Amino acid sequence: MTAATPIPTLTSAGDAAEVLAAGGLLGLPTETVYGLAADAHNLAAVRRVFQAKGRPIDHPLIVHLGGAEDLDEWARDVPAPLRELATANWPGPLTIVVPKQEWVPPEITGGLDNVAIRVPGQDVAREVITRLGRLTGTSGALVAPSANLFGQVSPTTAEHVRVGLAGRLLPGDAVLDAGPARVGLESTIVAWIDGRLRILRPGAVTIDGATSSRSGGPPPGIRAPGMLAAHYAPSARVIVVDDAGLGDLASRIGQSAPLAGRSVALLAPAGIATPAGWRRLGSPVDDAAYAEMLYASMRAADDAGAAAFVAVLPQSGPLRAAIADRLSRAAAGSAGSPDPGRQR
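The working numbering puts the first residue of the sequence shown at 45, with every later residue one more than the last.
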């Protein structure tokens with residue numbers, strides 16, 4: 045791997061599929077974030093995904109299919125509630141964790157007996173998968189974790205991929221540019237555990253009656269992407285607050301020796317005033333707009349050299365739980381001095 049080799053940018057799904065069919069890695073646009081894709085049937089390429097990201101080998105990957113009709117090629121004994129969820133939400137930002145077919149390799153599942161599967165809601169992503177299947181003589185499937193170094197901020201544009209993985213990819217790899225991701229947060233992940241739907245990672249798809257695995261984690265034998273306590277972290281110190289606590293937090297930051305007089309970046313819903321001297325990165329009008337700009341704002345804070353990234357949570361909306369989840373994990377994983385007043 046060499047930093048001197050730029051990552052080529054593609055605009056054609058056909059060219060992107062040829063990269064994957066040749067064993068290359070591809071920065072793949074989806075509706076959630078950009079993924080680092082490899083042909084799921086090519087284990088050498090799958091292993092390279094772990095190497096390029098610096099991802100632990102036991103951390104499961106999500107298999108991306110071109111359509112729900114391919115689910116049973118990868119999964120067996122799919123619980124009816126999960127099949128119904130998939131039928132209602134695919135293509136879209138929903139991942140189901142189901143028992144795997146015996147042939148599915150442990151490199152994809154992290155050595156577990158279940159596999160995470162989704163059908164992306166981005167048209168060009170599904171076209172790439174379909175074209176890959178034609179080239180390789182398979183049904184077409186990709187693994188595609190977020191196209192960034194493990195634990196860092198997920199990319200929502202092709203430029204984020206080019207910058208974040210510079211020097212990590214090889215000649216023959218590429219990124220497909222289809223513009224910014226429209227959702228901006230990774231998919232909802234759900235499993236059927238002990239006769240109940242359990243959300244392993246919240247996202248844009250909300251599920252009535254499902255319980256969360258954030259407290260205490262899932263039962264043994266279940267792992268999924270994005271469940272680590274510390275994840276999605278920029279270099280700036282992430283501080284999460286609600287609008288009522290922003291003024292008090294600004295005062296404490298001003299008196300905090302590690303942060304006083306240093307640059308502070310702010311992402312807050314429209315209508316919330318910016319404390320004096322802080323750099324405003326966005327004023328989203330609702331939770332969907334907030335989610336779409338969250339990761340780009342974290343990157344902008346780092347680009348500006350901010351010591352802290354303060355995020356005021358949206359007050360309501362179906363994406364609020366997913367936003368709070370990502371910010372909580374980013375706060376746990378962010379570098380820097382101790383937080384002078386984190387509120388969650």
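Note that CB positions come from ideal geometry on N, CA and C, so glycine has one too. All figures in this text were calculated on a predicted structure; none of them were measured in a lab.
Reduced DSSP category for residue i - H, G, I as helix; E, B as strand; rest coil
i: Leu72; result: strand
i: Leu293; result: helix
i: Thr131; result: helix
i: Gly377; result: helix
i: Pro224; result: coil
i: Ile333; result: Just to set this straight, residue 333 is Ala in the shown sequence, not Ile. If DSSP states are grouped into helix, strand and coil, Ala333 belongs with the helices.
i: Ala351; result: coil
i: Leu338; result: helix
i: Thr318; result: coil
i: Asp287; result: helix
i: Ala280; result: coil
i: Ile233; result: strand
i: Gly385; result: Residue confidence is low: Gly385 scores 39 on pLDDT, short of 50, so the model does not pin down where it sits. Its coordinate-derived value is still stated next. Gly385: coil per DSSP, three-state reduction.
i: Thr153; result: helix
i: Leu214; result: coil
i: Ser256; result: strand
i: Gly248; result: For clarity, residue 248 is Ala in the given sequence; the question names Gly instead. Of the three classes helix, strand and coil, the one that applies to Ala248 here is coil, per DSSP.
Separation of residue j from residue i, as counted between CA atoms
i: Arg178; j: Gln359; result: 47 angstroms
i: Gly211; j: Val107; result: 25 angstroms
i: Leu244; j: Glu336; result: 21 angstroms
i: Val329; j: Gly228; result: 15 angstroms
i: Pro391; j: Pro104; result: Residue 391 is absent from the model: the chain starts at 45 and stops at 388.
i: Gly58; j: Thr200; result: 22 angstroms
i: Arg240; j: Ile161; result: 18 angstroms
i: Ala48; j: Ala130; result: Only weak support exists for where Ala48 lies, its pLDDT of 49 falling under 50; the value from the coordinates is given anyway. If you take the alpha carbons of Ala48 and Ala130, they lie about 43 angstroms apart.
i: Ala365; j: Ala81; result: 27 angstroms
i: Arg388; j: Ser372; result: Its pLDDT being 28, under 50, Arg388 is placed unreliably in this model, and the value from its coordinates should be taken loosely. Arg388 and Ser372: Cα-Cα distance of roughly 7 angstroms.
i: Pro50; j: Asp217; result: 10 angstroms
i: Tyr32; j: Ala344; result: What the structure shows of the chain is the stretch from 45 to 388, and residue 32 is not part of that stretch, so it cannot be assessed.
i: Gly298; j: Gly253; result: 43 angstroms
i: Thr55; j: Gly291; result: 46 angstroms
i: Gly181; j: Val148; result: 17 angstroms
i: Phe194; j: Leu220; result: 20 angstroms
i: Ser393; j: Ile237; result: Outside the shown range of the chain (45 to 388) lies residue 393, about which nothing can therefore be said.
i: Glu43; j: Ala65; result: The first residue shown for the chain is 45 and the last is 388, placing residue 43 beyond what the model contains.
i: Val159; j: Gly349; result: 39 angstroms
i: Arg296; j: Pro135; result: 46 angstroms
i: Leu87; j: Val93; result: 10 angstroms
i: Leu213; j: His85; result: 20 angstroms
i: Leu357; j: Leu69; result: 35 angstroms
i: Ser378; j: Gly270; result: 15 angstroms
i: Val168; j: Glu151; result: 26 angstroms
i: Ile173; j: Ala351; result: 41 angstroms
i: Arg120; j: Ala188; result: 21 angstroms
i: Gly361; j: Ser198; result: 22 angstroms
i: Asp331; j: Ala248; result: 10 angstroms
i: Thr46; j: Leu209; result: Unreliable positioning characterises Thr46 in this predicted model, as indicated by a pLDDT of 43, which lies under 50. A coordinate reading is not provided.
i: Gly155; j: Ala60; result: 29 angstroms
i: Pro100; j: Thr153; result: 12 angstroms
i: Leu176; j: Pro313; result: 41 angstroms
i: Thr232; j: Ile316; result: 29 angstroms
Nearest-angstrom Cβ-Cβ length linking residue i and residue j, presumed shorter than 8 angstroms
i: Pro73; j: Gln166; result: 6 angstroms
i: Ile251; j: Val141; result: Incorrect: roughly 13 angstroms between the Cβ atoms, too far for contact.
i: Ala309; j: Ala376; result: With a Cβ gap of about 18 angstroms, Ala309 and Ala376 do not count as contacting.
i: Val285; j: Leu293; result: 5 angstroms
i: Gly326; j: Ser341; result: 5 angstroms
i: Leu338; j: Leu311; result: 7 angstroms
i: Ala191; j: Gly71; result: 5 angstroms
i: Ala368; j: Ala277; result: About 15 angstroms; that fails the 8 angstroms criterion.
i: Phe353; j: Ala235; result: Not really, about 31 angstroms apart at Cβ, beyond 8 angstroms.
i: Gly67; j: Ala89; result: 5 angstroms
i: Pro137; j: Glu203; result: Wrong, their Cβ atoms sit about 22 angstroms apart, outside the cutoff.
i: Val163; j: Tyr78; result: About 17 angstroms separates the two Cβ atoms, so there is no contact after all.
i: Asp114; j: Leu186; result: About 12 angstroms; that fails the 8 angstroms criterion.
Endpoints, alpha helix (DSSP H) assigned at residue i
i: Pro52; result: Segment: none, Pro52 is in no alpha helix (DSSP H) and carries neither H nor E.
Segment limits, beta strand (DSSP E) that includes residue i
i: Ala268; result: Taken as a continuous stretch (DSSP letters only), Ala268 belongs to no beta strand (DSSP E), as it is neither H nor E.
i: Gly326; result: 323-326
i: Thr139; result: 138-143
i: Arg245; result: 240-245
i: Val308; result: 308-311
Problem set entry | Runs of beta strand (DSSP E) lying entirely within the region 160-211, each at least 3 residues, in chain order | 185-187
For this session: Could you pull out every unbroken beta strand (DSSP E) segment of at least 3 residues lying fully inside the region 62-126, listed in chain order?
Result: 70-73, 78-83, 106-109
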